[in-house]
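Peer 1: Protein chains in written order, with UniProt numbering: chain D, 1 to 189; chain W, 1 to 363.
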Ligand code: SF4
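1. Tell me which same chain residues have a C-beta within less than 6 Å of the C-beta of residue 30 of chain W, skipping the five on either side of it?
2. For the beta strand (DSSP E) that contains residue 177 of chain W, what are its first and last residues?
3. Based on the DSSP secondary-structure assignment, which residues constitute the bridge partners of residue 237 of chain W?
4. Using beta-carbon positions only, say whether residue 126 of chain W and residue 170 of chain W come within less than 8 Å of one another.
5. Quick one: grab the DSSP three-state call for residue 103 of chain D.
6. CB-CB under 6 Å to residue 86 of chain W, same chain, minus the five flanking residues each way: which ones, in chain order?
7. So which residues on chain W does residue 97 of chain D lean against when the C-beta distance must stay under 7 Å?
8. Residue 119 of chain D: beta carbon under 7 Å from a heavy atom of the ligand SF4?
9. For a contact meaning CB atoms closer than 7 Å, what does residue 146 of chain W contact in chain D?
10. Is residue 250 of chain W helix, strand or coil by DSSP?
11. Show which residues of chain D have a CB atom less than 8 Å away from the CB atom of residue 130 of chain W.
12. In whole angstroms, give me the CA-to-CA distance for residue 223 of chain W and residue 182 of chain W.
13. Cutting at 8 Å between CB atoms, please list the residues of its own chain near residue 147 of chain W, excluding the five before and the five after it.
14. If you pair each beta-carbon of the segment 258-271 of chain W with each one of the segment 200-214 of chain W, do three or more pairs fall below 8 Å?
15. Hey, out of W:28, W:314, W:105, W:155, whose CA is closest to residue 283 of chain W's CA?
16. Starting from the Cα of residue 48 of chain D, find the closest Cα among D:174, D:149, D:168 and give me that residue.
17. Hey, is residue 214 of chain D's beta-carbon within less than 8 Å of any beta-carbon in chain W?
18. Determine whether the Cβ of residue 188 of chain W lies closer than 8 Å to any Cβ atom of chain D.
19. Using the Cα positions of residue 82 of chain D and residue 173 of chain D, report the straight-line distance between them to the nearest angstrom.
20. List, in order along the chain, the chain W residues whose C-beta lies closer than 8 Å to that of residue 125 of chain D?
21. Give a single yes or no on whether residue 146 of chain W has its beta carbon closer than 7 Å to a heavy atom of the ligand SF4.
22. Using a Cβ-Cβ cutoff of less than 7 Å, which residues in the same chain neighbour residue 253 of chain W once the five nearest sequence positions on both sides are dropped?
23. In angstroms, rounded to a whole number, what distance separates the CA positions of residue 92 of chain W and residue 153 of chain D?
24. Would you say residue 83 of chain W and residue 67 of chain W are within 8 Å of each other, going by their C-beta atoms?
25. In its own chain, which residues sit with a C-beta less than 7 Å from the C-beta of residue 100 of chain D, not counting the 5 before and 5 after it?
26. Just to confirm the assignment, what range does the beta strand (DSSP E) spanning residue 66 of chain W have?
27. Would you please verify whether the beta carbon of residue 33 of chain W is less than 8 Å from any beta carbon of chain D?
28. Anything in chain D within Cβ reach of residue 220 of chain W, meaning under 8 Å, just list it in chain order.
29. Ignoring anything shorter than 3 residues, give me the beta strand (DSSP E) runs that lie fully in the segment 61-143 of chain W, in order along the chain.
30. Taking 8 Å as the cut-off, does the segment 105-122 of chain D touch the segment 138-149 of chain D (at least 3 CB pairs, one atom from each stretch)?
31. Say the cut is 7 Å; is the CB of residue 115 of chain D nearer than that to a heavy atom of the ligand SF4?
32. For residue 116 of chain D, return the contacting residues in chain W, with the cut-off set at a CB-CB distance below 8 Å.
33. Among the residues of its own chain, which have a CB less than 7 Å from the CB of residue 138 of chain W, if the five just before and after it don't count?
34. What residue ranges within the segment 66-142 of chain D form continuous beta strand (DSSP E) runs of no fewer than 3 residues, ordered along the chain?
35. Per the contact definition of three or more C-beta pairs closer than 8 Å, is the segment 44-63 of chain D in contact with the segment 180-187 of chain D?
36. Compare the beta carbon distance of residue 162 of chain D and residue 106 of chain W with 8 Å and say whether it is the shorter of the two.
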């Protein structure tokens, strides 16, 4: 097969020659490390689904505590922890509206087209991404993760709303908790 | 041609609304009548001359039920799809407006939907779009604010709920026939039919597929689609196209995102003496095979840079079964005008100064 033209090689060809040529070009912020952890998480999607459920319950259990402290005051430290933990595990981009449980534990914001309802039609025959040929397609991973999960294949069928860009860099853990608490209260009353 | 498919007063105006139809266009009528529809793709000009658009559209006349106006396909810059559609509707063509999420955010897209509908566009095809790396300007900022699914949902709620994404009211909704694209030839293969289901749930009423060169694979896909009953909720059109040569086939396979061409096709082209003719024959054979597959409602002929062959391919494949799609009717007085033009060319030029001189010298 002919040599694949990648983004990097194309830019290199079209841009003016200079001594500095960046190694991996991408218009999106791209973490320069291998996808090992992210792929490992998807392979163990069932475990993470279970763990996440427990974790969400714990957060909800702590609702009175968050309320006492004040959600706005808790936000900064929680966001910090969330960014570190999810960044390590999922290469999280802090979109602030986590969809991991509907996307097979594969973060959709890592898709170069940021599709929330993937995969696009350009997936390569080897399952790699159209835009970044060295990265396994986020949505092929999402489907394989979803098929391992209990509710994954149902949840992946839900049409996700467009990303609310104003929620970037906020804690989705706290938001989900506050919403769940509100729902619980409204059911009670 | 079915005479009810033209507006008797003005070819460019929308048709009368019919019950159960969401648009006032020809394509939806043809599909809903159960006829095998044919659509094609206009190669957008790199020019600001409207005549180039008209010229390129006129070769499809009488052979297709809809013309796709591509939205910078392959991330290459051309005349915008909204403008092409606006030009085409003036002449009475039935354009299919493609909207890709690559270049516009939700504010621009919703505005375009309203504007296009106001210009008489009846069909909109919602796409995610190729990445910017595929085109001639890889340094562009990829937008991808919506994706094809949320775009479909947005357009549907604008039409049915008469509301913008924000919930703000629209006074007159865009009555359009909504379409999407499918690619049965890309992994994850077992998820692809479910993805079609998701698109239908989001609002797709017809879909056009990526180039189909692997008929067995398409048949497999369609079997699952029919099992899920999706062909009853949505019209499925298979994408086909002639390959100019084995070399272009190879190039397409490795450079155009999402195109799958099996090796035996390329071998066959390589073995042929006249590759272009063989490519056409291959396309016709595929069309005839596809026509027989259960659940397929039409074909979408993408003959990039070979548009002049579309008529021939459609004719030879016999998919229209003798039906003739819409064609521009010549105006009643256009024959007289043409005749007079001929006369004017032949007539001797009358130059007043010379005539005066002649008259003066004759006396
Ligand atoms: S191939 Fe996959 S990761 Fe790449 S843009 Fe398409 S859906 Fe996203």
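Glycine residues also receive a C-beta, built at the ideal position from the N, C-alpha and C atoms.
Peer 2: Taking the geometry as given:
1. Position 30 of the second chain, counted from the start, is the residue given in the question as residue 30 of chain W. Counting only Cβ-Cβ distances below 6 Å, and skipping sequence neighbours, we find 37, 65.
2. Here residue 177 of chain W is taken as the residue at index 177 of the second chain, counted from 1. Membership of residue 177 of chain W in the beta strand (DSSP E) is indicated by the continuous run 177-182.
3. If you number the second chain from 1, residue 237 of chain W lands on position 237. The partner list for residue 237 of chain W (beta bridge, DSSP) reads W:208, W:298.
4. What you label residue 126 of chain W is simply residue 126 of the second chain in a count that begins at 1. What you label residue 170 of chain W is simply residue 170 of the second chain in a count that begins at 1. No. Outside cutoff.
5. Taking the first residue of the first chain as 1, we reach residue 103 of chain D at position 103. Of the three classes helix, strand and coil, the one that applies to residue 103 of chain D here is coil, per DSSP.
6. Counted from its first residue, the second chain places residue 86 of chain W at position 86. The answer, listed in chain order, is 119.
7. On the first chain, residue 97 of chain D is found 97 positions in, with the first residue counted as 1. Within chain W, no residue comes near residue 97 of chain D; the closest Cβ sits about 13 Å away, beyond 7 Å.
8. Within the first chain, the letter at position 119 stands for residue 119 of chain D. True, at least one ligand heavy atom lies under 7 Å from that Cβ.
9. Numbered from 1 along the second chain, position 146 holds the residue referred to as residue 146 of chain W. Chain D residues near residue 146 of chain W: 162.
10. Here residue 250 of chain W corresponds to residue number 250 of the second chain, with the count starting at 1. Assignment of residue 250 of chain W by DSSP, reduced to helix, strand and coil, places it in the helix class.
11. To locate residue 130 of chain W, count along the second chain from 1; it is residue 130. Ordered by position in chain D, the residues that pass the 8 Å Cβ test against residue 130 of chain W are 122, 130.
12. Here residue 223 of chain W is taken as the residue at index 223 of the second chain, counted from 1. Here residue 182 of chain W is taken as the residue at index 182 of the second chain, counted from 1. C-alpha separation (whole angstroms): 15 Å.
13. What you label residue 147 of chain W is simply residue 147 of the second chain in a count that begins at 1. So the list reads 101, 128, once near-sequence residues are dropped.
14. Touching, yes, given that three or more Cβ pairs across the two stretches are closer than 8 Å.
15. Within the second chain, the letter at position 283 stands for residue 283 of chain W. Comparing Cα-Cα distances from residue 283 of chain W to each of W:28, W:314, W:105, W:155, the minimum goes to W:314.
16. Looking up residue 48 of chain D in the first chain gives position 48. The residue from D:174, D:149, D:168 with its alpha-carbon nearest to that of residue 48 of chain D is D:149.
17. Since the first residue shown for chain D is 1 and the last is 189, residue 214 of chain D is missing from the structure and cannot be characterised.
18. The sequence position of residue 188 of chain W within the second chain is 188, counting from 1. Judged by the 8 Å Cβ criterion, residue 188 of chain W is in contact with chain D.
19. The sequence position of residue 82 of chain D within the first chain is 82, counting from 1. The sequence position of residue 173 of chain D within the first chain is 173, counting from 1. The C-alpha of residue 173 of chain D is placed about 8 Å away from the C-alpha of residue 82 of chain D.
20. Within the first chain, residue 125 of chain D is the residue found at index 125, counting from 1. Within chain W, the residues near residue 125 of chain D are 186, 187, 260.
21. Against the second chain, residue 146 of chain W aligns to sequence position 146. No, the ligand SF4 has no heavy atom inside 7 Å of this Cβ.
22. One-based indexing of the second chain puts residue 253 of chain W at position 253. So the qualifying residues of the chain are 259, 261.
23. In the second chain, counting from the first residue as 1, residue 92 of chain W sits at position 92. In the first chain, counting from the first residue as 1, residue 153 of chain D sits at position 153. Straight-line Cα distance between these residues: approximately 45 Å.
24. For this step, residue 83 of chain W is matched to residue 83 along the second chain. For this step, residue 67 of chain W is matched to residue 67 along the second chain. Not in contact: residue 83 of chain W and residue 67 of chain W (Cβ atoms no closer than 8 Å).
25. Locating residue 100 of chain D in the first chain gives position 100, counting from the first residue. So the qualifying residues of the chain are 90, 107.
26. Within the second chain, numbered from 1, the residue matching residue 66 of chain W stands at position 66. Membership of residue 66 of chain W in the beta strand (DSSP E) is indicated by the continuous run 66-69.
27. As a working note, residue 33 of chain W is residue 33 in the second chain. False, the Cβ-Cβ gap to chain D never drops below 8 Å.
28. If you number the second chain from 1, residue 220 of chain W lands on position 220. By Cβ distance, chain D contributes nothing, its closest Cβ being about 16 Å from residue 220 of chain W, past 8 Å.
29. Within the segment 61-143 of chain W, the beta strand (DSSP E) runs of at least 3 residues that lie entirely inside it are, in chain order, 66-69, 95-100, 123-127.
30. Yes, the segment 138-149 of chain D touches the segment 105-122 of chain D.
31. As a first step, residue 115 of chain D is located in the first chain; it is residue number 115 there, counting from the start. Yes; taking the cut-off as 7 Å, the Cβ of residue 115 of chain D has a heavy atom of the ligand SF4 nearer than that.
32. On the first chain, residue 116 of chain D is found 116 positions in, with the first residue counted as 1. Residues of chain W with a Cβ closer than 8 Å to the Cβ of residue 116 of chain D are, in chain order, 147, 149, 150.
33. Taking the second chain and counting its residues from 1, the one referred to as residue 138 of chain W is at position 138. Result list for residue 138 of chain W: 132, in chain order.
34. As for any beta strand (DSSP E) of minimum length 3 sitting wholly inside the segment 66-142 of chain D, there is none.
35. Judged by Cβ distances under 8 Å, the segment 180-187 of chain D makes contact with the segment 44-63 of chain D, as three or more pairs qualify.
36. Locating residue 162 of chain D in the first chain gives position 162, where the first residue counts as 1. Locating residue 106 of chain W in the second chain gives position 106, where the first residue counts as 1. Yes, these two residues count as a Cβ contact at 8 Å.
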